[in-house]
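Have a look at the structure below, then the notes.
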Amino acid sequence: MQEEYVLELEGIRKAYGENVVLNNVSLAVKPGEIHALLGENGAGKSTLMNILFGMGVIHETGGFDGTVKISGKEVKFVAPTDALAAGIGMVHQEFMLIPGFTITENIKLGREDTTPTFASRIFGKSLEKLDRDKMNSDARRSLDSIGMGIEEHVKVAGLPVGYMQFVEIAREIDKLGIRLLVFDEPTAVLTESEASQLLDVMKTIAQKGIAIIFITHRLPEIMVAADNMTVLRDGELVATKPIAETSLTEIAEMMVGRIVENLAAGQDMENSDAPIAISVRDLHVEMPGERVHGVNFEVREGEIFGIGGMAGQGKVGIANGISGLFPAEGDVTVFGQPLNLSRLGEALSNNLAFVSEDRRGVGLLLDESIAYNIAFRVMTTRREFLSSFGPIKLLNSRKMQRHAEEMIKILDIRCRSWRQKVGTLSGGNQQKVCLASALTLKPRLLIVSEPTRGIDIGAKELIMNYLSKLRREEGLTIIMISSELGELRSLCDRIAIVTDGKIVDILPPNAPDADYGLAMSAVSKETDSSLGEGGDNAPNYGMMGGTTGDGGGFE
Amino acid sequence: MSQMTAKNEPSAFQRAMKKFLADFGLPRIIILVTFILLFVLAGVFGMNLPSFAGDVLRRWGMFGILVLAMVPAIQSGIGPNFGIPIGIVAGMVGAVLSIDMNHAGVFAFVADDGMRAFVQAMVAIVIGVAAAIPMGILYGMLLNRVKGSEMAITVYVGFGTVSLFNILWALFPVTASILILPATGRGLRQMINLNADFAGAFDQFWQFRLPIFEFGTMTVRPGLLLVFFFACFLMWLFTRSRLGMVMSAAGSNPSYARASGINVDKMRILGTTISTCLGAVGIVVYAQSFGFLQMYGAPMMHGFLVVAAVLIGGATIRRARVFDVLLGTFLFQGILVISLPLANVMLPDVAGVPEMLRLIITNGIILYALTKVKGGR
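Now the structure itself:
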């Protein structure tokens, strides 16, 4: 093994406008090394990889500071094709395969072997004939090298998901002169046995001298496969260490740790005698990308209950299932009243309001005014904001306007007037309209999903403070779902961590960082001790089902 | 930013103009300018302008309700309803039955001819709507199964229904001789003269001729326009009602509607049904003004005419207001009314040219309208 680095990233800094997403991050990978890149959602992993591949999104937003060196030589990639030419490949999280093509055709797509023909001599290379024999034998060799016995002329459509992942890998290593491969959460969609097979393949590839950057949320896999690891948090480099010198607990701690500011969180609700506001038993939700497989919890009146976890693990699915937006099964009782999850509007008519994580898609009518958006749900479900003209009831604009103006003041919605269309508001102000609309329903239980995603700090703070105030002054029960653990820990009394569609643990906000990190990698306290050593028997960290949602994506 | 604005600050007028242009839309301005140009040109060629103006108003009222049928369809989310012929054939059933009843003496109790025409038209509308409701519900259920490709499906469902009813017309069990094809003794005629029936049922009210200086006289039919405006007013009321707002939310953002406890599929069926019913009403109003009821393939292309009209009026395939109907119908029919005789004057004495021109102009406007379709969000 040569000691020189195949890839060196030095002092990388990247900002989107004022927002610094990467600050002074360095990363060096040797040939034949498997280097794990770790961090929560939004820690900067994706941005770092975008920089490595010279993605357009980086240049369009003002480029980056720092240097990228390949084999000791500084390079400047301006397009992904430059990176490919330099021998850097990527195994994508979403499968970039064409279903109707055979495995060979997919592996060779864009790099077909051809032989000259009569027409091509006249009209150029694009009319050359495919050299199918050579393509097939190349594909065969690549497939063999990762231990995949499947026939190369089979169509990709209908292959098991795991096989598709292997075809992707075969395609990357078929490229001549490949030196570095990036695996972006390759095991997220695989079954347990497929995942352990994949880890073996990665080791095989590494032994050939190809360096690997391995991005994953599943810490036990790292213990099994990786040589070194780098942890990012909020765009900062936390540590780079050999795996041998660290432990699962330490990595988890490094991923999560941050200062927690407390907004009167952590009331001891578990032992309180307040009546149960909502009880959820064995909830299953069929939400694509956020499946829930059997969740149980209870929330007491006046509690702020947090639900956290990585993207795509099912935390968002819980809220959408209870609100009846996706097919769900299970027993949900709200204030003693069982919910019929298959009935539309059931949650709304049971004092439950839901602020969706999909603001623009589910939360708002973008072409309508602020006032209309705030009033709409109350108007349709409670028939308020209407006035009667004989038998017909028409919209009462005056009432609607007065209410909207009040909400605009309370929530500090920055707008020209109540007439402004919500589609033209900023994300933070749209979120405030969503919240105003939910509060207009005067719910006893409020479920807010990702209330701070993609909004500015000021709006974030206001929303957090307002939620805390609602609980304090009006005794509103709140379930808050968020990918930002820090937020949950500053606001909630208890926090459930969801992984693979199940609640792994319910923790108090002041629980050690390590506990949170472990729960997010699907290691509950009880099984902790059995891990950390690695070995042939992959531990049961649950890889069944559940595709990832917005975890990465390098487009 | 500040340096730029300092250099050429737009005046209040410029800003107002810009806003007006953006709100009103360039396509509409182009059509409006074309209309005015044609009108002036017709004057230059010494044509009877007041008579044209009367015709424009009449065609406005004739087509208006058919175009109005686009509003509930677009608002409920199925998009422009090219399948309006479904409603039209329902209206035709109503009209034919009403004529048959008249000749069987059912309306003999109304002494006055004008009143009888009115009653007969109302009966045609009631029967037509009654037939349109089940057809609209079935049509809506079909459209719920083809979400995302409604534009193409509605066209062909419309064609298919017209063809299906062609068979029905050929076998329609009526007795009035005015309805029956004389050559065969059975089946309906291609074109039914309504003079002895409900021709002018609405047009007749308060109709007057307005002389405009020495240019000529303009025939105004307030009755027809009142019926059209009343239908528009009802539609506007509906869009302000709770049900109307729920339906429009279901159309503009189905996920939002579902999260608000709205059954989106039901609302789409509602919108489709209202649209189909308006098609039935629309054809009766159209026929009473036209004086003839055209059977068989006549409604085949009506879908394109009405969709083009509402799009020219400023609607998109996701949003349509009553105002778009008023403006769009006026401009579309206005251009047709003036351009055809104008073309005849400019290109006289060539056999077959007027018909060709009619097709070129009509379809040209339809094509233009469809290229201006904004695909919603």
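Just so you know, the protein sequences line up as chains H and Y, in that order.
Straight run, no breaks: the first sequence in the working numbering ends on number 571.
Straight run, no breaks: the second sequence in the working numbering ends on number 435.
Using N, Cα and C, we set each Cβ at its ideal position, and we do this for glycine too.
What did DSSP end up calling residue 401/H once you bin it into helix, strand or coil?
Three-state DSSP puts residue 401/H in coil, outside helix and strand.
At least one CB of chain Y closer than 9 Å to the CB of residue 386/H: is that the case?
Output row for residue 386/H: interface = no.
Indicate the three-state DSSP secondary structure (helix, strand or coil) for residue 420/Y in the structure shown.
In the structure shown, residue 420/Y adopts helical secondary structure according to DSSP, grouped into three states.
Please say whether residue 249/H and residue 56/H have beta carbons closer to each other than 9 Å?
One thing to note: residue 56/H has its Cβ within 9 Å of the Cβ of residue 249/H.
Would you mind working out which of 412/Y, 419/Y, 391/Y sits nearest residue 113/Y, comparing C-alpha positions?
Checked all of 412/Y, 419/Y, 391/Y; the closest Cα to residue 113/Y is 391/Y.
Taking just the CA atoms, how far does residue 369/Y sit from residue 428/Y?
Answer to the nearest angstrom: the Cα atoms are 7 Å apart.
Cβ of residue 414/H less than 9 Å from any chain Y Cβ?
For residue 414/H, the nearest beta carbon of chain Y is not closer than 9 Å to its own beta carbon.
Chain H within 9 Å of residue 332/Y, Cβ atoms only:
Not one chain H Cβ lies under 9 Å of residue 332/Y.
DSSP state of residue 385/H mapped onto helix, strand, coil
Strand at residue 385/H.
Rounded to a whole number of angstroms, what is the C-alpha to C-alpha distance between residue 368/H and residue 433/H?
Cα-Cα distance, rounded: 29 Å.
If we require 3 or more residues per run, which beta strand (DSSP E) segments fall completely within the stretch 306-390 of chain H?
Runs of the beta strand (DSSP E) inside the stretch 306-390 of chain H: 308-316, 320-324, 344-350, 368-371.
Nearest by alpha-carbon distance to residue 148/Y: which of 334/Y, 274/Y, 101/Y, 73/Y is it?
In terms of CA proximity to residue 148/Y, 334/Y leads the group 334/Y, 274/Y, 101/Y, 73/Y.
Specify the secondary structure class of residue 251/Y as computed by DSSP and reduced to three states.
Strand, per DSSP.
Beta-carbon proximity of residue 371/Y to residue 389/Y, cut-off 9 Å
Residue 371/Y places its beta carbon less than 9 Å from that of residue 389/Y.
Cutoff 9 Å: residue 295/Y Cβ touching any chain H Cβ:
Any Cβ of chain H closer than 9 Å to the Cβ of residue 295/Y would place that residue at the interface, and such an atom is present.
If you check the beta carbons only, do residue 522/H and residue 320/H fall under 9 Å apart?
Not in contact: residue 522/H and residue 320/H (Cβ atoms no closer than 9 Å).
Run of the alpha helix (DSSP H) containing residue 223/H, from where it starts to where it stops
In the DSSP assignment, residue 223/H falls within the alpha helix (DSSP H) that extends over 208-223.
Who are the Cβ neighbours of residue 182/Y in its own chain at under 6 Å, not counting the five residues just before and after it?
Residues 152, 153, 156, 342 of the same chain have their beta carbon placed closer than 6 Å to that of residue 182/Y, with the five preceding and five following residues left out of the count.
Show which residues of chain Y have a CB atom less than 7 Å away from the CB atom of residue 408/H.
Those are 295, 299, listed as they occur along chain Y.
So, residue 118/H versus residue 61/H, is the Cβ gap smaller than 9 Å?
Remark: C-beta atoms of residue 118/H and residue 61/H do not approach each other more closely than 9 Å.
Might you give, ordered along the chain, the residues of its own chain that have their beta carbon closer than 6 Å to the beta carbon of residue 267/Y, omitting 5 neighbours on each side?
Excluding sequence positions up to five before and after residue 267/Y, its CB lies within less than 6 Å of the CB of 275, 277, all in the same chain and listed in chain order.
If contact means a Cβ-Cβ distance below 7 Å, which residues of the stretch 436-456 of chain H contact chain Y?
Residues of the stretch 436-456 of chain H that bring their beta carbon within less than 7 Å of a beta carbon in chain Y are absent altogether.
In terms of DSSP beta bridges, what is residue 217/Y paired with?
Among the bridge pairs identified by DSSP, residue 217/Y is matched with none.
Euclidean distance between Cα positions of residue 224/H and residue 105/H
Between the alpha carbons of residue 224/H and residue 105/H lies a gap of roughly 15 Å.
Supposed contact pair residue 28/H and residue 64/H - C-beta distance, whole angstroms, cut 8 Å:
By a beta-carbon distance limit of 8 Å, residue 64/H contacts residue 28/H. Their separation comes to about 7 Å.
Anything in the stretch 173-196 of chain H with a Cβ closer than 8 Å to a Cβ of chain Y? List those residues in chain order, please.
From the stretch 173-196 of chain H, no residue has a Cβ closer than 8 Å to chain Y.
Counted within 10 angstroms of its Cβ, other Cβ atoms place residue 108/H as buried (16 or more) or exposed:
Of the other Cβ atoms in all chains shown, 16 or more fall within 10 Å of the Cβ of residue 108/H; this residue is therefore buried.
Can you check which of these residues, 266/H, 239/H, 179/H, is closest to residue 213/H by C-alpha distance?
Selection 266/H, 239/H, 179/H evaluated against residue 213/H yields 179/H as nearest (Cα-Cα).
Flag this pair as yes or no: are the beta carbons of residue 125/H and residue 114/H separated by less than 9 Å?
Yes.
State whether the stretch 505-516 of chain H contacts the stretch 313-327 of chain H, with contact taken as three or more CB pairs (one from each stretch) at a distance under 8 Å.
With contact defined as three or more Cβ pairs closer than 8 Å, the stretch 505-516 of chain H and the stretch 313-327 of chain H are in contact.
Residues that residue 277/Y bridges to, as DSSP identifies them
Per the DSSP secondary-structure output, residue 277/Y pairs in a beta bridge with 267/Y.
Under DSSP, the beta strand (DSSP E) around residue 352/Y begins and ends at which residues?
Run containing residue 352/Y: 350-352, per the beta strand (DSSP E) assignment.
Output yes or no for whether 9 Å exceeds the beta carbon distance between residue 201/H and residue 232/H.
Yes, the pair counts as a contact, with Cβ atoms nearer than the cut-off.
If you run the structure through DSSP and keep just helix, strand and coil, what is residue 230/H?
Of the three classes helix, strand and coil, the one that applies to residue 230/H here is strand, per DSSP.
Could you confirm whether any beta carbon from chain Y is found closer than 9 Å to the beta carbon of residue 250/H?
At least 9 Å separates the CB of residue 250/H from every CB of chain Y.
Could you list the residues in the stretch 131-146 of chain Y with a C-beta less than 7 Å from some C-beta on chain H, going in chain order?
Under the 7 Å Cβ criterion, the stretch 131-146 of chain Y contributes no residue.
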